[in-house]
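Just below is one structure, and these are the notes that go with it.
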Amino acid sequence: MARIDFKDPRLLTGGVIAGGLIGIAVTFTGALDSSPELDRLFAGMDTNRDGFISRQEAWADTRVEQRFSLGDRNQDGKLDRVEFNELLKPRD
Ligand SMILES: [Ca+2]
Ligand SMILES: [Ca+2]
346 MARIDFKDPR LLTGGVIAGG LIGIAVTFTG ALDSSPELDR LFAGMDTNRD GFISRQEAWA
406 DTRVEQRFSL GDRNQDGKLD RVEFNELLKP RD
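Anchor point for the sequence shown: position 21 equals 366 in our numbering, and the numbering is continuous, going up by one each time.
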């Protein structure tokens with residue numbers, strides 16, 4: 346009986362740790378979507394630093410320029426960080 350008393354708090358702690366790890370894993374998965382390479386590329390192309398790639402800024406990279414219209418999901422004439430990632434993400 347005493348063992349159960351000892352185990353319970355451990356299980357609870359384990360659960361909290363597992364929950365924390367899942368939270369961290371989710372955070373990392375989100376971060377993986379924006380790789381350092383893409384961060385650098387985006388920052389390099391966003392010459393006016395407004396957080397978007399305009400059509401003019403897209404000329405700096407052929408891949409982005411060629412797929413600009415496809416990548417601009419919300420049709421606002423510029424690529425935000427998410428649209429940029431989607432556009433350059435490797436397809437399988
Ligand atoms: Ca810009
Ligand atoms: Ca857009």
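A virtual CB, placed ideally from N, CA and C, is assigned to each residue, including glycine.
Exercise. Report whether the distance from the Cβ of GLN401 to the nearest heavy atom of ligand 2 is below 8 Å.
Key: No - ligand 2 has no heavy atom lying nearer than 8 Å to the Cβ of GLN401.
Quiz item: Taking the alpha carbon of THR392 as the point to measure from, which residue in SER380, LEU415 and ASP406 has its own alpha carbon closest?
Solution: ASP406
Quiz prompt | Environment of GLU428 [buried if 16+ CB atoms lie within 10 Å] | solution = buried
Quiz item: Is LEU383 near ligand 2, with its Cβ less than 8 Å from a heavy atom?
Solution: no
Quiz item: How close, in whole Å, do the beta carbons of LEU383 and ASN430 come, if the pair is a contact with beta carbons under 8 Å?
Solution: 6 Å
Self-check item: Rounded Cβ spacing between LEU464 and ARG412 (contact assumed at less than 8 Å)
Solution: Since the displayed the chain opens at 346 and closes at 437, residue 464 lies outside it and no answer follows.
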